[in-house]
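A quick write-up on the structure given underneath.
Shown next as structure tokens:
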């Protein structure tokens, strides 16, 4: 292909030279095509026509002839200059394609040489370039001991087979973690100067500024908060949401103006992370959250699980029922799947943001996330013991749930080396089989038995069964767990089951065996 294009260039150059030679001969002897000026008589009916413009003694006006010829040559040379520029442009493209072809040929040769002369190497994990592709590893494949091929065609055939095998293995490979993937932390801020407490902990526990860049996106234009954020210098990136205007809402929603501004801010900030900074994932925290010592370890370990399992759409550091009396302090490493979107320190992939951004709501974004149209039967990962706590009673919710629930959430203090653990048990197929078995093999007891505890022996687990929205709410209130439902999904629930500790015993508050779907009227 490259050789053929080289021949075309030579032919073009020859035609160019021949054309100009013929052009000069032709122009010398052809009649004029335009006026030369006074006395030139170039047009029929002019003062002089060609053949009539002779000087004294019948001689041709040689000076006028030369000027005419020079002007016409100049016009033709301008045309030829444009053609040369086009040829140069095409020649640059052909040269680029020739270089690409050469590199591809060299790569094929290297693959061939490696297949014929090199011993087999163990599989290597593939790096995630900017985090946009799935993390993969090559599977070990059996192959005969390599020998030098006596026949060249045989060697080429082996090279092709090896190359095809590599491509197939890449497609079938499972997801693994890559330490090179950057996981930015997006801090959503407004007018709380106490953002300092959140940033202090993030910077204290951050293992690497390069792998965990902190981006603080500030709304509200609050100058004191801006000064606090600015005091961290290049330890954080400070963004300012530019649109501070009130949002037009219907009259009955004027008191919810804050919720509209928060939704607008989230959309702008996430677009900055994914579209301006070109990140592949992000962990979102708000300016009133304090993180645990293993916060970064937790998300680093769960990133490949989130990326590899299409039935997951987020990883959260929060347990809605994470009060001290409801969690097992000896099981800091325990993780769950949940159908309820927890928020409050959560990881999102760019692919999921691309899906959500086009229909992002104008207000109440977190409850919108919990609707079936967004969730699409997908789940999140959550911990037994929260890796975030909230210290911000001030906010648009005016302290809703804070005094009753949020202030009592237990923050993990024990560092768990999640990246050294096998977390594949969280993948849906494995998890569901064990989860269903554990829940429905647990003894079914009455709530009175749990509260009195006289007839129960051992730490459980035990199962309390609910069959309606009202029965769920009654049992939840009596057992001390949150009783609200969003689109029929209870907080921390998975397949309708809420798992927690009650007086030191593991309890499953569960629907009847054979559960199939949530009832959205239970809201």
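Residue numbers (the numbering used here): -1 to 521. A virtual CB, placed ideally from N, CA and C, is assigned to each residue, including glycine.
Quick check: what's the CA-CA separation for residue i versus residue j?
{"i": "residue 181", "j": "residue 234", "result": "14 Å"}
{"i": "residue 509", "j": "residue 368", "result": "20 Å"}
{"i": "residue 166", "j": "residue 266", "result": "Reliability fails at residue 166, whose pLDDT of 34 lies under 50, so the model's placement of it is uncertain and no value is given."}
{"i": "residue 188", "j": "residue 342", "result": "16 Å"}
{"i": "residue 426", "j": "residue 305", "result": "13 Å"}
{"i": "residue 495", "j": "residue 274", "result": "40 Å"}
{"i": "residue 348", "j": "residue 229", "result": "30 Å"}
{"i": "residue 418", "j": "residue 456", "result": "31 Å"}
{"i": "residue 16", "j": "residue 10", "result": "10 Å"}
{"i": "residue 521", "j": "residue 366", "result": "13 Å"}
{"i": "residue 249", "j": "residue 268", "result": "29 Å"}
{"i": "residue 461", "j": "residue 485", "result": "23 Å"}
{"i": "residue 413", "j": "residue 355", "result": "35 Å"}
{"i": "residue 237", "j": "residue 224", "result": "10 Å"}
{"i": "residue 317", "j": "residue 491", "result": "11 Å"}
{"i": "residue 14", "j": "residue 20", "result": "10 Å"}
{"i": "residue 478", "j": "residue 293", "result": "27 Å"}
{"i": "residue 179", "j": "residue 375", "result": "28 Å"}
{"i": "residue 194", "j": "residue 404", "result": "20 Å"}
{"i": "residue 511", "j": "residue 438", "result": "7 Å"}
{"i": "residue 445", "j": "residue 377", "result": "28 Å"}
{"i": "residue 247", "j": "residue 254", "result": "9 Å"}
{"i": "residue 322", "j": "residue 407", "result": "6 Å"}
{"i": "residue 206", "j": "residue 480", "result": "37 Å"}
{"i": "residue 196", "j": "residue 257", "result": "22 Å"}
Among the options, whose alpha-carbon lies nearest the alpha-carbon of residue i?
{"i": "residue 513", "options": "416, 430 and 330", "result": "430"}
{"i": "residue 219", "options": "501, 204, 439 and 243", "result": "243"}
{"i": "residue 282", "options": "410, 314, 475 and 390", "result": "314"}
{"i": "residue 346", "options": "310, 375 and 360", "result": "310"}
{"i": "residue 361", "options": "448, 503, 260 and 382", "result": "260"}
{"i": "residue 517", "options": "503, 488, 500 and 498", "result": "488"}
{"i": "residue 464", "options": "451, 442, 449 and 458", "result": "442"}
{"i": "residue 184", "options": "215, 227 and 320", "result": "215"}
{"i": "residue 211", "options": "364, 239, 257 and 231", "result": "231"}
{"i": "residue 190", "options": "319, 221 and 254", "result": "221"}
{"i": "residue 340", "options": "483, 433, 507 and 206", "result": "483"}
{"i": "residue 440", "options": "200, 409 and 507", "result": "507"}
{"i": "residue 277", "options": "352, 295 and 379", "result": "352"}
{"i": "residue 200", "options": "288, 227 and 262", "result": "288"}
{"i": "residue 432", "options": "241, 335 and 308", "result": "335"}
{"i": "residue 333", "options": "350, 473 and 299", "result": "299"}
{"i": "residue 217", "options": "285, 196, 280 and 252", "result": "285"}
{"i": "residue 420", "options": "402, 302, 467 and 515", "result": "302"}
{"i": "residue 331", "options": "470, 423 and 245", "result": "423"}
Under the three-state reduction of DSSP, which class applies to residue i: helix, strand or coil?
{"i": "residue 388", "result": "strand"}
{"i": "residue 301", "result": "helix"}
{"i": "residue 518", "result": "coil"}
{"i": "residue 461", "result": "strand"}
{"i": "residue 230", "result": "coil"}
{"i": "residue 508", "result": "strand"}
{"i": "residue 12", "result": "helix"}
{"i": "residue 238", "result": "strand"}
{"i": "residue 469", "result": "helix"}
{"i": "residue 503", "result": "strand"}
{"i": "residue 382", "result": "coil"}
{"i": "residue 490", "result": "coil"}
{"i": "residue 444", "result": "coil"}
{"i": "residue 483", "result": "strand"}
Ignoring anything shorter than 3 residues or poking outside the region 306 to 368, list the beta strand (DSSP E) runs there in chain order.
Qualifying beta strand (DSSP E) stretches, in chain order: 310 to 314, 333 to 336 and 344 to 347.
Counting only runs that start and end within the region 400 to 439, where is the alpha helix (DSSP H) found for 4 or more residues in a row?
The qualifying runs are 426 to 438.
Would you list, in sequence order, the uninterrupted alpha helix (DSSP H) runs of no fewer than 4 residues that lie entirely inside the region 176 to 223?
Inside the region 176 to 223, DSSP marks whole alpha helix (DSSP H) runs of 4 or more residues at positions 193 to 203, from first to last along the chain.
Mind pulling the beta strand (DSSP E) runs of 3 or more residues that sit fully within the region 240 to 300?
The region 240 to 300 is shown to contain whole beta strand (DSSP E) runs of 3 or more residues at 279 to 284 and 287 to 289, in chain order.
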